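Residues in the sequence shown are numbered consecutively from 1285, following our numbering.
Yeah, the Cβ is synthetic: ideal placement off N, Cα and C, and Gly gets one too.
Note that the structure is predicted; figures quoted are calculated from it, not measured.
Working notes, beginning with the structure itself.
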Amino acid sequence: MTTSLAAAASTGEAVQFWILGTVAVLGALCTILLRRAVHSALSLAGTMIILAVFYLANGAYFLGVVQIVVYTGAIMMLFLFVVMLVGVTAADSLKETLKGQRWLAATCGLGFGILLIAGLGNASLKHFNGLGEANAGGNVQGLATLIFTKYVFAFEVTGALLITAAVGAMVLTHRERTERAKTQREQSEQRIREGKHIPPLPAPGVYARHNAVDIPGLLPDGTPSELTVNPTLRERGQIRDVSGESLDELKALEQRSEEWLGRSEEANR
1285 MTTSLAAAAS
1295 TGEAVQFWIL
1305 GTVAVLGALC
1315 TILLRRAVHS
1325 ALSLAGTMII
1335 LAVFYLANGA
1345 YFLGVVQIVV
1355 YTGAIMMLFL
1365 FVVMLVGVTA
1375 ADSLKETLKG
1385 QRWLAATCGL
1395 GFGILLIAGL
1405 GNASLKHFNG
1415 LGEANAGGNV
1425 QGLATLIFTK
1435 YVFAFEVTGA
1445 LLITAAVGAM
1455 VLTHRERTER
1465 AKTQREQSEQ
1475 RIREGKHIPP
1485 LPAPGVYARH
1495 NAVDIPGLLP
1505 DGTPSELTVN
1515 PTLRERGQIR
1525 DVSGESLDEL
1535 KALEQRSEEW
1545 LGRSEEANR
């Protein structure tokens, strides 16, 4: 009975690994192959969720929950919201700031793949201990015991590296002003000299019937106004043109008005 249960559990774990592993690899490939940053972030979030399932299936409950709550729920969602608010387009992602970086990245990736395949090919596992002993007093308790006793030095060094990286990123992104800031009058005069649009931009929408940011407003002649939509949405091709529909409805309304006025005139006669 025990042997059959163990065989069934082993078969179920193998089926779970091959199915979810395939989905995880597809999500990782979509992360680097999709052209839109939002879709790449969602694919990476799906891969992280599958990794959390692997942790939970192997008895690492704390790591599974942390993977979902911290990495997928906090970091990835924060990154996704930033991408959606800032509006990174596919054209921006194709601009190379460093010449030859794609060839260098491809070479490094190929070398890393060769080392990974060589390491996995030479790896051998004769005895599997499992997590029964580590989780004897509880998964969280066992993990805390290892981190704060056997691996406390590595844990502190990792924390110091993360803090150093965060401080370094803040220092690199900080820019001190080396010139006097222009006053509002000087900025307005500069805009006039450059021939920029001085009045406030018109609001989006069509005759105040739509308040969506992806619908351009109409000029008096019925043509869409490009100043009423975000340039980022225009580059993405996410602008909805409803001018034809609105003009057709306006013509139908004028026709109904003329018919109604015609009937009113006949009634007066």
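Taking 6 Å as the limit between beta carbons, can you name the residues of its chain near residue i, skipping five residues before and five after?
i     : result
T1331 : A1308, G1311, A1312
D1498 : L1517, Q1522, I1523, R1524
L1503 : S1509
T1356 : A1329, M1332, I1333
L1347 : Y1339
For residue i, name the three-state secondary structure that DSSP assigns.
i     : result
L1502 : strand
A1374 : Any answer about A1374 is weak, because its pLDDT of 48 lies below 50 and its placement is not dependable; what the coordinates show is given next. Residue state, collapsed to three classes: helix.
Taking residue i and residue j to be in contact with their CB atoms under 8 Å, please state how far apart those CB atoms are, rounded to whole angstroms.
i     : j     : result
L1304 : V1337 : 6 Å
L1364 : A1325 : 4 Å
E1297 : A1341 : 7 Å
F1439 : I1431 : 5 Å
L1362 : Q1351 : With 8 Å as the limit, L1362 and Q1351 do not qualify as a contact, their Cβ atoms being about 15 Å apart.
For residue i, collect the residues of the same chain with a Cβ closer than 8 Å to its Cβ; drop the 5 residues on either side in sequence, then sort them by chain order.
i     : result
L1328 : G1311, A1312, T1315, M1360
Y1345 : Y1339, N1423, V1424
W1544 : none
F1301 : F1338
L1446 : none
Using CA atoms only, rank isn't needed, just tell me which of the options is closest to residue i.
i     : options                    : result
G1343 : V1353, R1319, A1407, A1420 : A1420
M1368 : L1388, T1516, M1454, F1301 : T1516
A1496 : A1341, N1514, T1507        : N1514
Using 6 Å as the cut-off, classify the Cβ of residue i as near or not near the heavy atoms of the ligand SAH, replying yes or no.
i     : result
A1312 : Among the ligands in the structure shown, none appear at all, so the ligand SAH cannot be discussed.
If you drop the 5 nearest sequence neighbours on each side, which residues of the same chain put their C-beta closer than 7 Å to that of residue i?
i     : result
A1374 : Note that A1374 has pLDDT 48, beneath the 50 cutoff, so the model's placement of it is unreliable and the number below is only indicative. R1319, R1320.
Secondary structure, beta strand (DSSP E): runs of 3+ residues fully inside the region 1398 to 1467
none
Any chance you could list the beta strand (DSSP E) runs of at least 3 consecutive residues sitting entirely within the region 1319 to 1366, in chain order?
none
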